[in-house]
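Below: one structure, written as structure tokens.
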Amino acid sequence: MQLMSDLDSSLTIPPYNTTPIEVIPDVRFRLKNAFKKGRTKHVQFRKQQLLSLAYLVKDNMTLFQMALASDLGRSNAETTILEIGGTLAETMGAYNNVAKWSKPERAPWSFNWFTMKPTIRKEPKGVVLIISPFNYPMWLLLSPLAGAIAAGNACVLKPSEQTPAFSALIADLVPKYLDPDLYTVINGGVPETAKVLELQWDHILYTGGPRVASIVLTAAAKTLSPVTTELGGKSPVVIDPNCDLKLTARRLMWGKVANAGQTCTAPDYVLVPKDFIDQLVHACKEVLQDFYPEGAESSDSFSRKIVYGGSTNAKTKFIEPTLVTGVKGDDSLMGEEIFGPVLPIIGVEDVDEAIEFINTRDHPLALYVFSSNSAFKLKVIENTQSGSVVVNDTIIQAAAEGLPFGGIGPVDFTFDMFTHIRSTLDSPAFTEHLLGSRYPPYNVRQVRTSDG
1222 MQLMSDLDSS
1232 LTIPPYNTTP
1242 IEVIPDVRFR
1252 LKNAFKKGRT
1262 KHVQFRKQQL
1272 LSLAYLVKDN
1282 MTLFQMALAS
1292 DLGRSNAETT
1302 ILEIGGTLAE
1312 TMGAYNNVAK
1322 WSKPERAPWS
1332 FNWFTMKPTI
1342 RKEPKGVVLI
1352 ISPFNYPMWL
1362 LLSPLAGAIA
1372 AGNACVLKPS
1382 EQTPAFSALI
1392 ADLVPKYLDP
1402 DLYTVINGGV
1412 PETAKVLELQ
1422 WDHILYTGGP
1432 RVASIVLTAA
1442 AKTLSPVTTE
1452 LGGKSPVVID
1462 PNCDLKLTAR
1472 RLMWGKVANA
1482 GQTCTAPDYV
1492 LVPKDFIDQL
1502 VHACKEVLQD
1512 FYPEGAESSD
1522 SFSRKIVYGG
1532 STNAKTKFIE
1542 PTLVTGVKGD
1552 DSLMGEEIFG
1562 PVLPIIGVED
1572 VDEAIEFINT
1582 RDHPLALYVF
1592 SSNSAFKLKV
1602 IENTQSGSVV
1612 VNDTIIQAAA
1622 EGLPFGGIGP
1632 VDFTFDMFTH
1642 IRSTLDSPAF
1652 TEHLLGSRYP
1662 PYNVRQVRTS
1672 DG
């Protein structure tokens, strides 16, 4: 398989170097001082940086494809579809809307307070930290960065050490395109990340797994740094026999095999009536044969390098897309998020049993329902809890404009996350005849007045 055969062989990825631990506090200090100068408070400056970020991605698409092929064994088409397109769209969305998002808003009208012009100002929090995972190294790093820039923050980026080619490339490009005094990259593994987390940040965004999230939250608590976490989980799929079976199988398997199943919202297991399992399995097998007519291992459309977990081919770390039936709720496959192209199929008696199965477990990040019956869809949605629900499709919700998605997602929500909401009142002198009773010495009349 020649993943990079169509790429310019003259292009090279810079070497991966970790950031010296002793300079990490100085990096934060430098950004803090630059932020205090106030450049990021100007919308025009933010727009210029956002445009530069878009050019960073657009100018270097081939290099990013090379880096992610090296790190993840991912095809160029999949990198473009899953990461580059979304990152560019969200960055330009921030560029086009930052002036509107940043405008002060008047508080709801109140007879008691309208004379003081109560206003909500949207101000940057300061110097923020974005820690991203290996599975979507570009999108989960640069899309939140767009929100942080739009909100007027300085930002430290900490990409995953498990994607060294991408991390080296982004460390090389950021100072060439963005203001190096306000935006920078720290590379490294556990020691460097531990040092980063010793410092106080005005906000931390961590995307990854629960185990590391607990470490991040514990460290942040010591410095009182606010944190947003976006974690994965076991996202169930509920299938009604009253569905478009071919389309269901196609969309289900695409959501499972995209990025080798290493998507935080990927379908993790299927709940389906026992007497419909064979039909579903047959439809899914046909879809996989259509997706990979020469087999997944020889296909350049399937990501094969799994940097999280085991493999069926030790040399290439390849896991073939796999359907597993006869799975019980207490089986090992049901213990933790699978994060790979293995799909357990669990038989249930009816939708009520499926709902009960879901509700006895942790709330999933996503829930998928396939049905042509409106009552069936509504019953599942109204009787379960999850971060998001998608009906008759999978993993598309993160790209939907205007919908919140965990800690990241659409850039307007990332803007809000990195924004300090500051309230202001302007109390004119003529209100003194209304407010004068607040001063001591107090009397009974004042107390009665204050009680309404």
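The sequence shown begins at 1222 in my numbering and counts up one residue at a time. All C-beta atoms in this analysis are idealised placements derived from N, C-alpha and C, irrespective of residue type, glycine included.
{"query": "Is it right to say H1584 is buried, meaning 16 or more other beta carbons lie within 10 angstroms of its own, or is it exposed?", "result": "exposed"}
{"query": "Assign G1657 to one of three DSSP states: helix, strand, or coil.", "result": "helix"}
{"query": "Out of G1657, V1493, T1581 and L1271, point me to the one whose CA is closest to Y1316's CA.", "result": "L1271"}
{"query": "Give the straight-line distance between the Cα atoms of I1576 and P1345, rounded to the nearest whole angstrom.", "result": "42 Å"}
{"query": "Drop a sphere of 10 angstroms on the beta-carbon of S1519, count the other beta-carbons inside from all chains shown, and report buried for 16 or more, exposed for fewer.", "result": "Reliability fails at S1519, whose pLDDT of 48 lies under 50, so the model's placement of it is uncertain and no value is given."}
{"query": "Taking DSSP as the reference, what is the three-state secondary structure of A1389?", "result": "helix"}
{"query": "Name the residue from K1257, I1579, T1336 and S1296 whose alpha carbon lies nearest to the alpha carbon of S1456.", "result": "I1579"}
{"query": "May I have the straight-line CA-CA distance separating E1653 from R1342, to the nearest angstrom?", "result": "25 Å"}
{"query": "Give me the Cβ distance between S1607 and L1588, rounded to the nearest whole Å; I'm assuming they're in contact under 8 Å.", "result": "4 Å"}
{"query": "What does DSSP give as the partner residues of F1591 in its beta bridges?", "result": "I1460"}
{"query": "Would the beta-carbon of I1617 fall within 8 Å of that of V1610?", "result": "no"}
{"query": "So, at 6 Å on beta carbons, what are the nonlocal neighbours of A1320 in its own chain, with the 5 sequence-adjacent residues on each side left out?", "result": "V1264"}
{"query": "Report the rounded CA-to-CA distance for S1226 versus D1280, giving the unit in angstroms.", "result": "Confidence is the limiting factor: at S1226 the pLDDT is only 44, short of 50, which leaves the residue's position unreliable, though a coordinate-based value still follows. Cα to Cα, the separation comes out at about 19 Å."}
{"query": "Look at the alpha carbon of I1245 and the alpha carbon of N1408, and state the distance between them as a whole number of angstroms.", "result": "10 Å"}
{"query": "Rounded to a whole number of angstroms, what is the C-alpha to C-alpha distance between G1453 and R1582?", "result": "14 Å"}
{"query": "On the three-state DSSP scale, how would you describe G1531?", "result": "With a pLDDT of 31 at G1531, under the threshold of 50, the modelled position of that residue is not reliable, and no figure is offered here."}
{"query": "With DSSP as the reference, please indicate the residues paired to S1609 in a beta bridge.", "result": "A1587"}
{"query": "Under 8 Å: do the region 1297-1308 and the region 1414-1421 share three or more Cβ pairs, one atom per stretch?", "result": "no"}
{"query": "Per DSSP, which residues does V1348 bridge with? Please list them.", "result": "A1375"}
{"query": "Using a Cβ-Cβ cutoff of less than 6 Å, which residues in the same chain neighbour P1339 once the five nearest sequence positions on both sides are dropped?", "result": "A1328 and L1646"}
{"query": "Can you find at least 3 beta carbon pairs, one from the region 1429-1439 and one from the region 1468-1481, that sit closer than 8 Å?", "result": "no"}
{"query": "DSSP three-state call for P1662: helix, strand or coil?", "result": "coil"}
{"query": "Taking buried to mean at least 16 other C-beta atoms within 10 Å of its own C-beta, is T1233 buried or exposed?", "result": "exposed"}
{"query": "Taking the alpha carbon of T1635 as the reference point, which residue from Y1427, R1659 and A1290 has its own alpha carbon closest?", "result": "Y1427"}
{"query": "Using the Cα positions of A1620 and P1365, report the straight-line distance between them to the nearest angstrom.", "result": "13 Å"}
{"query": "Could you compute how far the alpha carbon of G1450 sits from the alpha carbon of T1439?", "result": "Gly is not the amino acid found at residue 1450; the sequence shown has Thr there. Rounded to the nearest angstrom, the two C-alpha atoms are 12 Å apart."}
{"query": "Expressed to the nearest angstrom, what Euclidean distance is found between the alpha-carbon atoms of L1241 and I1642?", "result": "According to the sequence displayed, residue 1241 carries Pro and not Leu. Between P1241 and I1642, the C-alpha separation is close to 35 Å."}
{"query": "Fully enclosed by the region 1258-1313, which alpha helix (DSSP H) runs are 4 residues long or longer?", "result": "1264-1280, 1282-1293 and 1297-1300"}
{"query": "Compute the beta-carbon to beta-carbon distance between R1568 and V1493, rounded to the nearest angstrom, for a pair I have assumed lies under 8 Å.", "result": "The amino acid occupying residue 1568 in the given sequence is Gly; Arg does not appear at that position. Yes, G1568 and V1493 are in contact; Cβ-Cβ is about 7 Å, under 8 Å."}
{"query": "In its own chain, which residues sit with a C-beta less than 6 Å from the C-beta of L1420, not counting the 5 before and 5 after it?", "result": "R1249"}
{"query": "Given this structure, state the Cα-to-Cα distance separating P1235 from F1285, to the nearest angstrom.", "result": "12 Å"}
{"query": "Would you mind reading off the limits of the beta strand (DSSP E) that contains S1644?", "result": "T1640 to T1645"}
{"query": "At a cut-off of 7 Å, is T1384 close to the ligand GTP when judged by its beta-carbon and the heavy atoms of the ligand?", "result": "Because no ligand of any kind appears in the structure shown, any question about the ligand GTP cannot be addressed here."}
{"query": "Which of helix, strand or coil does DSSP assign to Y1316?", "result": "helix"}
{"query": "Under 7 Å Cβ to Cβ from I1498, same chain only, skipping five residues before and after it: list those, please.", "result": "T1546, I1566 and G1568"}
{"query": "Residues in its own chain within less than 7 Å of D1614 by CB, not counting five upstream and five downstream?", "result": "R1472"}
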